[in-house]
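**Student:** First the structure, then my questions, so here it is.
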Amino acid sequence: MIYLDNAATTKICDRAVHAMEPYLNEMYGNPSGIYNFSKVSKEMVERTRATIASAIHAKPENIFFTSGGTESDNWVLENAARYGRHIITSEIEHHAILNKCENLSKRGMDISYVGTDRMGFVNPYELESHIRKDTALISIMFANNEIGTIQPIKEIGRIAGRRKILFHTDAVQAFGHVPINVHEMNIDMLSASSHKFHGPKGVGFLYIRNPENVESLIFGGGQEKGRRAGTENVAGIVGMGAAVEEAMENLNQRMEREIELRNYLINRVLREIPYVKLNGHMSKRLPGNANFTIAGIDGTSLVILMDNDGICVSAGSACSAGDDSPSHVIRAIGIPDQYIYGTIRLTLCADNTREEIDYTIHRLKENVMQMRSM
Ligand code: PLP
15 MIYLDNAATT KICDRAVHAM EPYLNEMYGN PSGIYNFSKV SKEMVERTRA
65 TIASAIHAKP ENIFFTSGGT ESDNWVLENA ARYGRHIITS EIEHHAILNK
115 CENLSKRGMD ISYVGTDRMG FVNPYELESH IRKDTALISI MFANNEIGTI
165 QPIKEIGRIA GRRKILFHTD AVQAFGHVPI NVHEMNIDML SASSHKFHGP
215 KGVGFLYIRN PENVESLIFG GGQEKGRRAG TENVAGIVGM GAAVEEAMEN
265 LNQRMEREIE LRNYLINRVL REIPYVKLNG HMSKRLPGNA NFTIAGIDGT
315 SLVILMDNDG ICVSAGSACS AGDDSPSHVI RAIGIPDQYI YGTIRLTLCA
365 DNTREEIDYT IHRLKENVMQ MRSM
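In terms of this note's numbering, the numbers along the sequence shown are unbroken and rise by one, the last being 388.
Here it is, written out as structure tokens:
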């Protein structure tokens, strides 16, 4: 099998598996206990908090563990409703943001959806024009999960800071893949998810610059300083910590390797398959992301043909799998209706080889030719 769907999820790294193992069997103490056996679990949870904090240039007390990106995003938006009636977000956010916004709008919140240009960039000045007196939050994703576009986060952060509005970024696709500095970028809140950077599934975190202004989403016990109730997923948190360490130690080399493979793939596809368009920007994109609209094909059928060849790719985002409506991201960047279903996403990781990419291109060419001849 050739796995090229790393935006959907990644393979857990060996370091995370080994780190988790003792916490799945021998070290099962509840971190809330006061005896020594529990303290081992507690210490590991706190060590991971510090590891994550240093990866984004934050303090450990500003990191809160959650069940993943969806929970972190929902928490931020639910909390925003306490501060004002208005939220600004973009048309190309993940459904963890969009569907929660829809839910809030049914409850009386006003949501402004900023559009993007044809590369998928939000214009910070257009965004600024949406700010109102009662704006509680600006939530713009760091990088898009379908087309990989990396947003001008620093500029957006500067505007939010100047206008004294909370700024949240959904960094689920970016954390562990590109450098992030919450101070330099003036980020107040940041969501991330372990399974997107070679950690275990079902665990993630939310960075909160001012936790005293944030109310819990989940009520119960006093875990996470009373802000996120429920016994900690110790093994998951420990595995995520190991995955963060691995990601950060080799960030530059991994980025370089992915960019080289990605550019090789993009350049060959654009050169060797006629009537193909690259979606997103050529360089301001996630290192491992390639997304194409191919005239005369149906993306879902192409995914099935590629699967028959043993290659895992995606037609859009995994979250819209099984849903026949066209991708809201592809629509937002202005792909005309007749091509909108012809989109395919290939997302690499540093472990992919040149041989795998060569075989993928070979099968892609054959399958596109076959579909077009039909
Ligand atoms: N936000 C983005 C940008 C994503 O790509 C995803 C998952 O694909 C999520 C949020 C949801 O994260 P999780 O799967 O951890 O709930």
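Cβ atoms here follow ideal geometry from the backbone N, Cα and C, with glycine treated the same way.
Which one of Gly255, Asn44, Ser126, Pro166 has the shortest CA to CA distance from Pro214?
**Tutor:** Comparing Cα positions, the closest option is Gly255.
**Student:** Around the C-beta of Pro138, are 16 or more other C-beta atoms found within 10 angstroms, so that it is buried, or is it exposed?
**Tutor:** So Pro138 counts as buried.
**Student:** So does the segment 240-250 actually touch the segment 262-269, counting three or more Cβ pairs closer than 8 angstroms?
**Tutor:** Counting Cβ pairs under 8 angstroms, fewer than three are found: no touch.
**Student:** To the nearest angstrom, report how far apart Gly1 and Ser230 are at their CA atoms.
**Tutor:** The requested residue 1 is not part of the displayed model; the chain covers only 15 to 388.
**Student:** Out of curiosity, what's the CA-to-CA distance linking Asp323 and Thr361?
**Tutor:** Their Cα atoms are separated by approximately 17 angstroms.
**Student:** When DSSP labels each residue in this structure, what does Asn303 get in the three-state scheme?
**Tutor:** DSSP places Asn303 in strand when its eight states are reduced to three.
**Student:** Using alpha carbons as the reference points, say which of Phe211, Arg61, Phe181, Met15 lies closest to Leu300.
**Tutor:** If we check each option's Cα against that of Leu300, Phe211 comes out closest.
**Student:** For the 8 angstroms Cβ check, are there 3 or more pairs between the segment 198-205 and the segment 158-169?
**Tutor:** A contact exists between the segment 198-205 and the segment 158-169.
**Student:** Can you list the alpha helix (DSSP H) stretches of 4 or more residues lying completely in the segment 23-77, in chain order?
**Tutor:** Fully enclosed alpha helix (DSSP H) runs of 4 or longer: 28-38, 50-69.
**Student:** When you measure from the CB of Ser205 to every non-hydrogen atom of the ligand PLP, does any distance come out below 8 angstroms?
**Tutor:** Within the cutoff, so yes.
**Student:** Please classify Asn293: is it buried, with 16 or more other beta-carbons within 10 angstroms of its beta-carbon, or exposed?
**Tutor:** Classification for Asn293: buried.
**Student:** Could you spell out where the beta strand (DSSP E) holding Ala188 opens and where it closes?
**Tutor:** Where Ala188 is concerned, there is no enclosing beta strand (DSSP E), given that its DSSP letter is neither H nor E.
**Student:** Going by DSSP in three states, Ala362 sits in which element: helix, strand or coil?
**Tutor:** Before going on, a small fix: residue 362 reads as Leu here, not Ala. Looking at Leu362 - three-state DSSP - the assignment turns out to be coil, as it is neither helix nor strand.
**Student:** Have a look at Ile48, Arg282, Asn76 and flag the residue whose alpha-carbon is nearest the alpha-carbon of Arg242.
**Tutor:** That would be Asn76, whose Cα lies nearest to the Cα of Arg242.
**Student:** Which runs of the alpha helix (DSSP H), 4 residues or longer, sit entirely within the segment 209-272?
**Tutor:** Runs found: 248-263.
**Student:** For Phe156 versus Leu204, is the C-beta spacing smaller than 9 angstroms?
**Tutor:** It is a contact, given that the beta carbons lie within the stated cut-off.
**Student:** On the DSSP letters alone, give me the boundaries of the beta strand (DSSP E) that Lys291 sits inside.
**Tutor:** 290-292 is the span of the beta strand (DSSP E), which, as asked, contains Lys291.
**Student:** Give the DSSP-derived three-state secondary structure of Met385 in the structure shown.
**Tutor:** The answer is helix: DSSP assigns Met385 an H, G or I state.
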